[in-house]
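Chains as they are written, first to last, in the numbering used here: chain S, 21 to 183; chain D, 21 to 183.
Think of the CB as a built atom: it goes at the ideal place given N, C-alpha and C, for glycine as much as any other residue.
Predicted model only: the values in this text are computed from it and were never measured.
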DNA sequence: CACCAATGATTGGTGCACAAACCATTGGTA
DNA sequence: TACCAATGGTTTGTGCACCAATCATTGGTG
């Protein structure tokens, strides 16, 4: 038996859908909770797809950035991916030891680290090409809705960027 | 100077808005990227608000769950928050040493851990009451749009739950 | 009653994520 | 030219997040 009355009866909610959300501190009322859970859920879809390629999702994002444009400095990647340099530093070392990227100081400015793709790294793009469609298929949501979510999220990012 | 041509000219994009997204591997085309960045951005809004209360966002979510209903077992929290028990276990110990919750085995079933609020934990709810409004204000997005994002995210969660 | 598969939680390992401290290089400027 | 603030990365420390392995308790079943 369970420890508590019943997880699905906050007080007198009519049904599964959260209509009134009278309590601002109710878990179902938290947009950020939905945001975090959605992110984790979708990452969970990527995981088994990326794992055979030897990539985590953050690493995949770095590769996407480099496939679009290389070389890039840590600072470039940091601003493109909105990630802390302190996060990228070890991540890039792992990509290097996986043989996907090279890390060398820029000759013109020794402060900059020039991150570039290896042949193997370039090659991997062919395999990655099928990922987006695979994820969309697994998610099983109509493309129009996905697009809507995307633009909505961009608004959230823009709004949060102001604050 | 920079290492690369220019971060803002993938090839011939008209302007800031991403219209065609011809390349499925383009960073701007990745919904999951937007999802992850949005989540991180909004968490960044919560951080300075929660920090003076001594809470991280995951800890805040656990408190929200307990304020709605207590006691809860680790399993209950795990299913409510969609979090691994292995993640919750040390998190709950930190909440315990912060004096906000108690952790004791259930008397009826020694396998279950009964997580309950302390007086201090109950008390904290008063302070937390102002958080949602504060976050919404900082985000500066109209409430209707926020609601829309919320329902859209619930759809994503539901879709990802199938897969 | 004695075993045993299932359940619930903890532990250990890897990899983000962020903040703060630190370090090297650079490009002014006194 | 000799200093010095700014810039770009790395390191360290804390806290998720997930997985796999482990362990104790429980509730059947032979």
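Within chain D, partners of residue i - CB distance below 9 Å
| i | result |
| --- | --- |
| residue 73 of chain S | Within 9 Å Cβ-Cβ: nothing; residue 73 of chain S doesn't reach chain D, min ~13 Å. |
Own chain residues within Cβ distance below 6 Å of residue i, not counting five before or after
| i | result |
| --- | --- |
| residue 36 of chain D | Residue placement at residue 36 of chain D is flagged as unreliable, the pLDDT there being 41, under the threshold of 50; the coordinate-derived value follows with that caveat. Contacts found: none. |
| residue 26 of chain S | Unreliable positioning characterises residue 26 of chain S in this predicted model, as indicated by a pLDDT of 41, which lies under 50. The coordinate reading is nonetheless provided below. Within the same chain, residue 26 of chain S has no close Cβ partners at all. |
| residue 30 of chain S | Because the pLDDT at residue 30 of chain S is just 39, under 50, the model does not fix this residue reliably, and the point stays unresolved. |
| residue 38 of chain D | Reliability of the predicted coordinates at residue 38 of chain D is poor, the pLDDT of 46 falling under 50, and no value is obtained from them. |
| residue 90 of chain S | 136, 137 |
| residue 58 of chain D | none |
Contact set between residue i and chain S, taken where Cβ atoms lie within less than 7 Å
| i | result |
| --- | --- |
| residue 158 of chain D | 183 |
| residue 56 of chain D | 59 |
Selected residue, minimal CA-CA separation from residue i, among the options
| i | options | result |
| --- | --- | --- |
| residue 51 of chain D | D/106, D/172, D/89 | D/172 |
| residue 44 of chain S | D/148, D/69, D/180 | D/148 |
| residue 152 of chain S | S/46, S/56, S/63, S/55 | S/63 |
| residue 144 of chain S | S/83, S/68, S/160, S/88 | S/83 |
| residue 54 of chain D | S/48, S/168, S/128 | S/168 |
| residue 175 of chain S | D/177, D/182, D/162 | D/162 |
| residue 86 of chain S | S/48, S/121, S/56 | S/121 |
| residue 178 of chain S | D/46, D/60, D/42 | D/60 |
| residue 81 of chain D | D/158, D/157, D/156, D/112 | D/112 |
| residue 183 of chain S | D/164, D/156, D/89 | D/156 |
| residue 100 of chain S | D/165, D/42, D/46 | D/46 |
| residue 150 of chain S | S/56, S/58, S/70, S/114 | S/70 |
| residue 160 of chain S | D/160, D/146, D/180, D/170 | D/180 |
| residue 88 of chain D | S/58, S/116, S/42 | S/42 |
8 Å Cβ cut-off: residues of chain D touching residue i
| i | result |
| --- | --- |
| residue 61 of chain S | 102, 176, 177, 180, 181 |
| residue 166 of chain S | 51 |
| residue 64 of chain S | 180 |
Beta bridge counterpart(s) of residue i as assigned by DSSP
| i | result |
| --- | --- |
| residue 134 of chain S | S/124 |
| residue 92 of chain S | S/135 |
Cβ shell of residue i (< 8 Å), same chain only, five flanking positions each side left out
| i | result |
| --- | --- |
| residue 103 of chain D | 78, 97 |
| residue 93 of chain D | 126, 132, 133, 134, 135 |
| residue 119 of chain D | 138, 140, 141 |
| residue 105 of chain S | 94, 95, 98 |
| residue 56 of chain S | none |
| residue 114 of chain S | 79 |
Chain S residues whose Cβ lies nearer than 8 Å to that of residue i
| i | result |
| --- | --- |
| residue 152 of chain D | 44, 45, 49, 50 |
Contact list for residue i against chain S, beta-carbon separation under 9 Å
| i | result |
| --- | --- |
| residue 69 of chain D | Residues of chain S passing the Cβ test: none, with the nearest at roughly 11 Å. |
| residue 81 of chain D | 47, 50, 52, 53, 56 |
Proximal residues to residue i (C-beta, below 7 Å), its chain only, five neighbours per side dropped
| i | result |
| --- | --- |
| residue 108 of chain D | 94, 97, 98 |
| residue 74 of chain S | 118 |
| residue 130 of chain S | none |
| residue 124 of chain S | 134 |
| residue 165 of chain D | none |
| residue 158 of chain D | 65 |
| residue 154 of chain D | 69 |
Contact list for residue i against chain D, beta-carbon separation under 7 Å
| i | result |
| --- | --- |
| residue 85 of chain S | 47 |
| residue 173 of chain S | 54, 55, 58 |
| residue 14 of chain S | Shown here, chain S extends from 21 to 183; a query on residue 14 of chain S therefore has no answer. |
| residue 169 of chain S | 51, 172, 176 |
Query raised in the report: If contact means a Cβ-Cβ distance below 7 Å, which residues of the region 121-139 of chain S contact chain D?
Result: Result list: 126, 132, 134.
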